[in-house]
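So the sequence shown is residues 0 to 177, counted in numbering that gives the first Met the number 0.
Below is one structure; the comments refer to it alone.
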Amino acid sequence: MKEFADRLKKGEIDTSAYKEILQRIHDGIGPKRFNEFESEIRFLSLEEAAAKEPRLWEAYVRRFIAFYRLDTDQARKAWAHHEKCLDFVAESEKEHARDIKSLQGRVEVLSKTSILTADEANELAESRKRITHMQELRGKVFDDRLKPGLKKLPNDAQVKAAKERARDVEERLTKVSS
């Protein structure tokens with residue numbers, strides 16, 4: 000970092016593109032906060048993947064903020080809510096880690112057994128089911144906590160404007176594809 004700062008001071012690094020972007024933003028012609036061709040369908044399509052993977056929640060929140068064009072205060076609340084949901088998932092996974100590891104060990108042992116008794120087969124199925132159930136918590140947190148919490152943030156005008164923009168984009172895309 001120090002080397003970069005030194006080279007910057009000496010003028011060895013070209014900052015013209017950066018300065019041009021700053022000037023365009025200052026003049027009000029910088030990149031928009033939300034892609035003009037973004038559609039509600041494309042935005043909502045992220046939900047399925049994000050529900051299963053908390054590391055994608057950040058992208059979902061970022062798109063949510065842009066889609067509804069939340070103000071600074073609303074965006075702060077969105078990120079705080081995102082953080083609470085991630086903390087909840089981390090705590091839950093930490094809480095269940097020992098159980099999952101134990102169940103996975105038992106599943107591995109039972110899976111290697113060539114002939115299972117009826118009780119062992121039931122135990123294997125039940126163990127797999129419990130592991131799946133514990134791992135599905137992520138999706139439940141996304142659907143039952145993150146999304147409803149975010150949906151409380153935009154006001155009616157923001158929701159209406161976002162839906163109108165999405166409808167306009169859908170109409171333009173339909174015309175282009177026809």
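C-beta atoms are modelled at their ideal positions from N, C-alpha and C, and glycine is treated no differently.
Because the structure is a prediction, the values reported are computed rather than measured.
- A straight-line Cα-Cα distance of about 22 angstroms links Ser101 and Gly138.
- In the DSSP assignment, Phe141 falls outside any alpha helix (DSSP H), carrying neither H nor E.
- By the Cβ criterion, the segment 70–79 is in contact with the segment 148–159, since at least three pairs of Cβ atoms, one from each stretch, lie closer than 8 angstroms.
- If you check the CB distance, Leu55 and Pro153 do not come in under 8 angstroms.
- For the alpha helix (DSSP H) assignment, the uninterrupted runs of no fewer than 4 residues enclosed by the segment 63–148 are, from N- to C-terminal side, 71–111, 117–134, 136–140.
- Contact annotation: Tyr59 and Gln157 have beta-carbon atoms that are not nearer than 8 angstroms.
- Here the C-alpha atom of Lys128 lies approximately 14 angstroms from the C-alpha atom of Leu109.
- Pairing Ala161 with Asp118, the inter-Cα distance amounts to about 55 angstroms.
- Per DSSP, the unbroken alpha helix (DSSP H) holding Glu2 starts and ends at 1–9.
- Between Ala65 and the set Arg171, Asp143, Ala165, the nearest pair of CA atoms involves Ala165.
- Between Val88 and Leu136, the CB-CB gap stays under 8 angstroms.
- Between the alpha carbons of Ile99 and Arg144 lies a gap of roughly 23 angstroms.
- Rounded to whole angstroms, Asp72 and Arg62 show a C-alpha spacing of 16 angstroms.
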